[in-house]
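Asker: Residue numbers (my numbering), protein chains in the order written: chain A, 1 to 316; chain B, 1001 to 1467; chain C, 2001 to 2209.
Where is the CB? At the ideal position from N, CA and C, for every residue including glycine.
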Amino acid sequence: ALEWNVSVWGKRRAFTEHVEKLAELVAEKTNGEFTMNVSYGGLSKNKENLDGISIGAFEMAQFCAGYHRDKNRTITVLELPFLGVDNLNEEVAVSHAVYQHPAVKDEMAQWNAKIIMTSPMPQYNIVGTGEPRDTLDKMKGMRVRATGGIGNAFEAIGAVPTSVTATEAYQAMESGVVDTVSFAQHAHLSFGTINKADWWTANLNPGTVNCPVVVNIDAYEALSPENREALDSSIDEAIAHYLANYGELLKKWDQILDEKGVQKVVIADEELAKFRKMAADPIREAWIVDMSAQGIPAQELYDLVMATLEKTRAGN
Amino acid sequence: MDSIEIGLWVTAGLLVMVLLGMRVAFAAGLAGLAGLIWIFWAKSGYAPDKFTKALVVSVKIAGQVPHSKVSSNALSLIPTFILIGYLAYYAGLTKALFEAAKRWIAWLPGGLAVSTVFATAGFAAVSGASVATAAVFARIAIPEMLKIGYDKRFAAGVVAAAGTLASMIPPSAILVIYAIIVEQDVGKLLLAGFIPGAFSALVYAVLIVGIAVVFRSVGPPVRGFTWRERLVSLPPALPIVFVIVIIIFFVYNPFGGDAWGTPTEGGALGAFVVFCMALWRGMRWTQLKLALLETAKLTAMIFAIIWGVLIYVRFLGFADLPGAFADWITSLHMSPMLILVCILLAYAVLGMFMDAIGMLLLTLPVVYPAVMALNGGEYVSAADATFGMSGPMCAIWFGILVVKMAEFCLITPPIGLNCFVVAGVRPDLSVQDVFRGVTPFFIADGVTIALLVAFPGIVLYLPSLAG
Amino acid sequence: MAGASSVLSDGSLLSRLDHALLKLERALALISGFAVFALMVLAVISVGGRNALNTPLPGYVDWIEQAMPLIAFMGISFVQRDGGHIRMDILIGQLRGRALWLFELISVILILILMLALVWGSWAHFLRSFDLSAPLWSRDSSIDIGLPIWPAKLLAPVAFSVLCLRLLLQIWGFGRAFVLGLENPVAVPLIQDSAAQAAHEAEQLEGRD
Ligand code: NA
Ligand code: NA
Chain A
1 ALEWNVSVWG KRRAFTEHVE KLAELVAEKT NGEFTMNVSY GGLSKNKENL
51 DGISIGAFEM AQFCAGYHRD KNRTITVLEL PFLGVDNLNE EVAVSHAVYQ
101 HPAVKDEMAQ WNAKIIMTSP MPQYNIVGTG EPRDTLDKMK GMRVRATGGI
151 GNAFEAIGAV PTSVTATEAY QAMESGVVDT VSFAQHAHLS FGTINKADWW
201 TANLNPGTVN CPVVVNIDAY EALSPENREA LDSSIDEAIA HYLANYGELL
251 KKWDQILDEK GVQKVVIADE ELAKFRKMAA DPIREAWIVD MSAQGIPAQE
301 LYDLVMATLE KTRAGN
Chain B
1001 MDSIEIGLWV TAGLLVMVLL GMRVAFAAGL AGLAGLIWIF WAKSGYAPDK
1051 FTKALVVSVK IAGQVPHSKV SSNALSLIPT FILIGYLAYY AGLTKALFEA
1101 AKRWIAWLPG GLAVSTVFAT AGFAAVSGAS VATAAVFARI AIPEMLKIGY
1151 DKRFAAGVVA AAGTLASMIP PSAILVIYAI IVEQDVGKLL LAGFIPGAFS
1201 ALVYAVLIVG IAVVFRSVGP PVRGFTWRER LVSLPPALPI VFVIVIIIFF
1251 VYNPFGGDAW GTPTEGGALG AFVVFCMALW RGMRWTQLKL ALLETAKLTA
1301 MIFAIIWGVL IYVRFLGFAD LPGAFADWIT SLHMSPMLIL VCILLAYAVL
1351 GMFMDAIGML LLTLPVVYPA VMALNGGEYV SAADATFGMS GPMCAIWFGI
1401 LVVKMAEFCL ITPPIGLNCF VVAGVRPDLS VQDVFRGVTP FFIADGVTIA
1451 LLVAFPGIVL YLPSLAG
Chain C
2001 MAGASSVLSD GSLLSRLDHA LLKLERALAL ISGFAVFALM VLAVISVGGR
2051 NALNTPLPGY VDWIEQAMPL IAFMGISFVQ RDGGHIRMDI LIGQLRGRAL
2101 WLFELISVIL ILILMLALVW GSWAHFLRSF DLSAPLWSRD SSIDIGLPIW
2151 PAKLLAPVAF SVLCLRLLLQ IWGFGRAFVL GLENPVAVPL IQDSAAQAAH
2201 EAEQLEGRD
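Written out as C-alpha cells, the structure reads:
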C-alpha cells in the first residue's frame, strides 16, 4: 500500500473539496492500495507548500500564486486584474491552458513540482460597511484588504490597499483598519467578513487569485502504472465535484445576502470601463514589460489566456 | 512500527532529555529532528541506502521551521511586551503604584498587604514577567510591611504570590505564546486575562483581610492619609491606565465603535507610552541600551523554545500523535469535567518541576487538541458542546486555566521560582520561610481555579463582547 | 529555572576566545534589541499614518514579518554563553565535578549536532528563496508589497553558525574541565544555586525604579 501526504491549510471547505474528492476517488479505484492523507496545516505553513514539495516532505500540496509572486512568476498572469473571466468554468479553462505552457512547467519543475489541477476561485468582489462605494470617486481613499494584482488595481484608482491576512480580515474590518475586503464568496463566509458587511459588489469582478494543486515530480513518476492511471483519471471528476459544490454555495449566496440584509451593489458600465482603463491596462502592460525583462514569455502567456477565454465562450 | 508508536518513543526521549537537564529549546528541536528522520526512514522500510535521503529531507524540513514560524505578526507582541516590562522600571511605575495603593487602601485590616497585592496587579498591567515583578515588589513592599510589624514570612508570601499576577493580566507573554501554539485570536486571549487576573487579586485580598481579622498580629491597618495626599499619588501611576486602555481599545471598543487597531499595534503603542514616560523620568542612553539588551536576551530565549518546540510539533504533525491522543481521551469512560480536572492537576504536578513557558510549549501541542475534542471539536457551537461553549471560547477558557496553573507553579515547592526570587532579594529570609508564608495563597489559587472552572463566564465575558 | 549563571575568565587562549566571541554576540543581541525598538516606532507610524493622514504604512505586516527573525535569532548565542536557555536543573544541579562536566559536555555536543543540522537546513531554506539571476536575487517574496524574503531567511543560518562557534568553545571548556577534573573552569556557564541566581536577578533590577 502507498500513502501520499497532502498539505493544505485552514479547515475543510469548498476550496479543498477537489483534493478531498481526489483522495476518495484514488482510494476507491485502487481498492485502498493508494491513499492520500490530507493534512490541514500539520505538515507545512501555507506559504511554504512549494518548499515542502521541493524538499520531498510531502507528495501533494495546494498553494496560491499571490502568496509569493517571486516563487511562481509565470502563473501570476492569472491574477492580473480584470482579465474578464466570468465564471468558474472559464477559470478552469484558462488556468489549465496556462499550466500546460512550457514556461510554467519549467518554472514549476524548479520546485520539483507538477501542477495537476487548479482550485477555481470566483471573482474577488468586495464587501464593505457604510455607504456603498459604487463609483471610482467614492473608492478614492477607501482602505481595502486586497492582495496581488487586485491590490494594485485598487491602488491605481486611488484606493488604499492594506495588508492583513485572510484570518485577520474580520478583525481588521471590525477595527476599521480596512473599510472593505476583497474575497471569494466562500471566504467572505468562512472568515466572517459577510457578518460585518452592509453591501457587496455584484459585478465589479476585479480579478481573482490562482491556487493550483501540485504533486512532487519524483513521487509522481515513481507511481505504478495503475496508481498513476487512478490519479490522472480522477482529476476531471474531482474538478467537476468542486464546481458542483461551489455552484451550490453560490446559489445560497444570494439567500445569505438577503438574510443578513446585505445590499447587492451593481456598478454602472461606464464606471467599470473607467476602472479597467485606469487599472487593468497599465498594470497588464507593466507586468508584461517586467516579466519579459526576466525572460518570461509574458505576452505569449497573456495571449494564451485571452485565446482560451474566447475559445471557451465559443464552445458554449 | 507505525508512526504513532514512533511519536510516543520520541516524546518519551524528549522528556528524558528535559529531565536530565538538557536545555528545553534544543531538546525539543533534537527530538523533532530525530523523529522526522525516523518517520521518513520507516516510510522507506528502513532500507540502508534510503537513510541519507530520510536525513536530508528531515534536516530540510526542520531547517524551515525557525524562519517560517518566527516571521509572524502576532509573535511580534512578545518582544514588545518584554520591552514594556523593562521600560516600566525606568518609568518609576513600581514606587508610584505602591504609594498610591498604600494611601488609598491601607486602612483595611492587613492593609499594606492588600495594597501590595493591588499595586502588583497594577504593575502586572505593564509587565509581562512574574519573576521580575516579584523581585521589584520584594524590595519596595516587604520593608514597609516589616516596619509596622508584619510577620516576615507572611509579608514575603504576599509578594511572591502577588507577583504571579503578571502572567495573567495583559501584557502577558505566556498568553501570547498560548495563542500562537493553539492558533487562536491573540487579542481575545489578552482581553480574557483582565478579569481573571483582577479576580485572582481580589481573592488574594479577601484572604489577606480574613487572615488579618482572625490573627490581629498579622497586619495592622495603616490610617491617616489625607484626601489631598491620596489625590496627588494618582498622576504618577497614570501610564498604567494608558497601557490598559490602549490594549483594550486596540482589541475592541467598549463604547461600541470601531476598535483602534490590531493587538500588535496596541502592544507597540503601549511600549511607546511607557518609553516616553521613562524618558521623562530621566532614562538615558545607557539605560535604554541595557533595556534593549535584556529584551533581546529574553526574546531570544523564548523564541528558541518556540521554534525548538515547533520542530517537534512539525514531527508530531507527520506522526499524527495529537490526533491519536485526542481520540484516546474522547474514548475514555470518564466524565469530561473529571478529565479536565485531571489535566489541570497534572499541570500542577508538572509545574512543580518545570518552567511555565517550557511546560506549556511542550504539552499543549498534544493536550490542547484533546481538550478541544473533549468539548466537541474546534468548530463546535455552544449548544452542542460538552462544556457549553463554542470551540474558540473553549480555547480561551482552557488557555486562562492553563496560565493560572502556570502561575500557581511559580509559588509551589520545590521550584517555585517567585519564592526563590523573594528569598534572594531579602537576605534575612530563607526559601523555606517564603514557602511557608505563601502557603495560604495555595488555597486562594485553588479557590480561584475552581471558580474559573465552575463559572467560565468570568473568563469569557470580555472576549464575548469583542464578538 | 536556569537563569543567569556566571562565566569565569583568565588569561588563557580559551578565555580570550570566549571574550572575543562575546563581543560579537553582544553586538548581534544589540541589533536584535534595536529591531524591537524599531517595531515600536513602526507601529506608531502605522497607527498615526492611518488615523491622521489616511495613509497606512504600505506593507506594515510584511515589514514586521521581515524584522521578526532579526529579533528572534540574533541573541541566541549571547544567551547560550551565559547558560541562559531554560532547562530543568533539578537533577543536573545535584552533580559536582567530573560527573557534572560530563553531563554538560554531552548536552552541549547534542546541541551542536542539532545546530549543525539546522545551519544546513536553514541554509537550504535560504537557497530556495535566492536566485542570482532574478531581480533583487529574489525567488520568494512577501505577500503584500513583494519584499524579497532571502535576507530574513539568511539570518537563521548566520545566527546559528555563531551559536555553533559558541558551542565549540563550550565543548572545549567542559571537555577540559572533565579531563583535568577542574573545580572552576573558565569560559563555560557555571550553575548558580537558586538563591544566588535570584540574588543576581534582583541585582539586575537594582536602582531601576
Ligand atoms: Na502582565
Ligand atoms: Na514550582
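Chain B partners of residue 42 (chain A), CB-CB under 7 Å?
Answerer: Those within 7 Å of residue 42 (chain A) in chain B are 1317.
Asker: Use the C-beta contact count for residue 1206 (chain B): other C-beta atoms within 10 angstroms, 16 or more gives buried, fewer gives exposed.
Answerer: The residue is exposed, with fewer than 16 neighbouring Cβ atoms inside 10 Å.
Asker: Contact between the stretch 76 to 95 of chain A and the stretch 1088 to 1104 of chain B: three or more CB pairs below 8 Å?
Answerer: Touching, no.
Asker: For residue 243 (chain A), which of helix, strand or coil comes out of DSSP?
Answerer: Residue state, collapsed to three classes: helix.
Asker: Find out if the Cβ-Cβ distance for the pair residue 1208 (chain B), residue 1114 (chain B) is shorter than 8 Å.
Answerer: Going by C-beta atoms, residue 1208 (chain B) is nearer than 8 Å to residue 1114 (chain B).
Asker: Could you check what DSSP says for residue 2032 (chain C) in three-state terms: helix, strand or coil?
Answerer: DSSP places residue 2032 (chain C) in helix when its eight states are reduced to three.
Asker: Got a sec: is the Cβ-Cβ distance from residue 70 (chain A) to anything in chain C below 8 Å?
Answerer: Judged by the 8 Å Cβ criterion, residue 70 (chain A) is in contact with chain C.
Asker: Give me, in chain order, the residues of the same chain whose beta-carbon lies closer than 6 Å to that of residue 1366 (chain B); leave out the 5 immediate sequence neighbours on both sides.
Answerer: Hits under 6 Å: 1322, 1325.
Asker: For ligand 1, any of its heavy atoms closer than 7 Å to the Cβ of residue 2121 (chain C)?
Answerer: False, no ligand heavy atom lies under 7 Å from that Cβ.
Asker: Please classify residue 1052 (chain B): is it buried, with 16 or more other beta-carbons within 10 angstroms of its beta-carbon, or exposed?
Answerer: By the 10 Å Cβ count, residue 1052 (chain B) comes out exposed.
Asker: Using a Cβ-Cβ cut-off of less than 9 Å, list which residues of the stretch 134 to 147 of chain A approach chain C; keep chain order.
Answerer: Within the stretch 134 to 147 of chain A, the residues whose Cβ lies closer than 9 Å to some Cβ of chain C are 141, 143, 147, listed in chain order.
Asker: Measuring alpha carbon to alpha carbon, tell me which of B:1227, B:1054, B:1036 ends up nearest residue 1044 (chain B).
Answerer: Per the Cα distances, B:1054.
Asker: Does residue 2146 (chain C) get closer than 8 Å to chain A when you measure Cβ to Cβ?
Answerer: Chain A, which has a Cβ nearer than 8 Å to the Cβ of residue 2146 (chain C), makes this yes.
Asker: For residue 76 (chain A), tell me which candidate among A:65, A:144, A:82, A:84 has the shortest Cα-Cα distance.
Answerer: Residue A:65 is the option with its Cα nearest to residue 76 (chain A).
Asker: Within the 8 Å Cβ cut-off, does residue 1260 (chain B) reach chain A?
Answerer: Cβ-Cβ to chain A under 8 Å: yes for residue 1260 (chain B).
Asker: Could you tell me whether any non-hydrogen atom of ligand 1 is closer than 7 Å to the CB of residue 1187 (chain B)?
Answerer: Checking every heavy atom of ligand 1 against the Cβ of residue 1187 (chain B), none is found closer than 7 Å.
Asker: Which residue spans inside the stretch 1044 to 1106 of chain B form an unbroken alpha helix (DSSP H) run of at least 4?
Answerer: List check, alpha helix (DSSP H) in window: 1051 to 1070, 1077 to 1090, 1093 to 1105.
Asker: Could you name the residues of the stretch 2045 to 2065 of chain C whose beta carbon sits closer than 8 Å to any beta carbon of chain A, in the order they occur along the chain?
Answerer: Answer set for the stretch 2045 to 2065 of chain C: 2050, 2054, 2055, 2056, 2058, 2059, 2060, 2061, 2062.
Asker: Return the bridge partner residues of residue 40 (chain A) from the DSSP annotation.
Answerer: A:8.
Asker: What is the C-beta distance between residue 1084 (chain B) and residue 1360 (chain B), in whole angstroms, given that I count them as a contact (C-beta under 8 Å)?
Answerer: No, residue 1084 (chain B) and residue 1360 (chain B) are not in contact; Cβ-Cβ is about 21 Å, not under 8 Å.
Asker: Taking Cβ-Cβ distances shorter than 9 Å, what residues in chain C pair up with residue 66 (chain A)?
Answerer: What residue 66 (chain A) touches in chain C: 2143.
Asker: So what does DSSP say about residue 186 (chain A), is it helix, strand or coil?
Answerer: Correct three-state label for residue 186 (chain A): helix.
Asker: Any idea what DSSP makes of residue 1411 (chain B), helix, strand or coil?
Answerer: If DSSP states are grouped into helix, strand and coil, residue 1411 (chain B) belongs with coil.
Asker: Which one of A:8, A:22, A:204 has the shortest CA to CA distance from residue 236 (chain A)?
Answerer: Of the listed residues, the one whose Cα sits closest to residue 236 (chain A) is A:22.
Asker: Evaluate contact between the stretch 47 to 55 of chain A and the stretch 184 to 193 of chain A, counting only Cβ atoms and requiring at least three cross-stretch pairs below 8 Å.
Answerer: The stretch 47 to 55 of chain A vs the stretch 184 to 193 of chain A: no contact.
Asker: Which residues in chain C have a C-beta closer than 7 Å to the C-beta of residue 1073 (chain B)? List them in chain order.
Answerer: Simply 2061, 2064, 2065.
Asker: Could you tell me which chain B residues have their CB closer than 7 Å to the CB of residue 2109 (chain C), listed as they occur along the chain?
Answerer: Going along chain B, no residue has its Cβ under 7 Å from residue 2109 (chain C), so there is no contact; the nearest lies around 11 Å.
Asker: Taking only runs that begin and end inside the stretch 2143 to 2201 of chain C, name each unbroken beta strand (DSSP E) of 3 or more residues, in chain order.
Answerer: Fully enclosed beta strand (DSSP E) runs of 3 or longer: not present.
Asker: Output, in chain order, the set of chain A residues within a Cβ distance shorter than 8 Å of residue 2138 (chain C).
Answerer: Correct list: 70.
Asker: So, with DSSP's three-state summary, where would you put residue 113 (chain A)?
Answerer: It is a strand residue.
Asker: According to DSSP, is residue 1262 (chain B) part of a helix, a strand, or is it coil?
Answerer: Coil, per DSSP.
Asker: Any contact of the stretch 1232 to 1249 of chain B with the stretch 1269 to 1281 of chain B, i.e. 3+ C-beta pairs under 8 Å?
Answerer: Yes, they touch.
Asker: For residue 2209 (chain C), I'd like the list of residues in its chain whose CB is within less than 8 Å of its CB, leaving aside the five on either flank, ordered along the chain.
Answerer: Unreliable positioning characterises residue 2209 (chain C) in this predicted model, as indicated by a pLDDT of 40, which lies under 50. A coordinate reading is not provided.
Asker: Would you list the one or two residues that DSSP bridges to residue 216 (chain A)?
Answerer: BP columns for residue 216 (chain A) point to A:113.
Asker: Under a three-way DSSP split, which group does residue 197 (chain A) fall into?
Answerer: Correct three-state label for residue 197 (chain A): coil.
Asker: Listing by chain order, which chain C residues have their CB less than 7 Å from the CB of residue 1076 (chain B)?
Answerer: Within 7 Å Cβ-Cβ: 2039, 2064, 2068.
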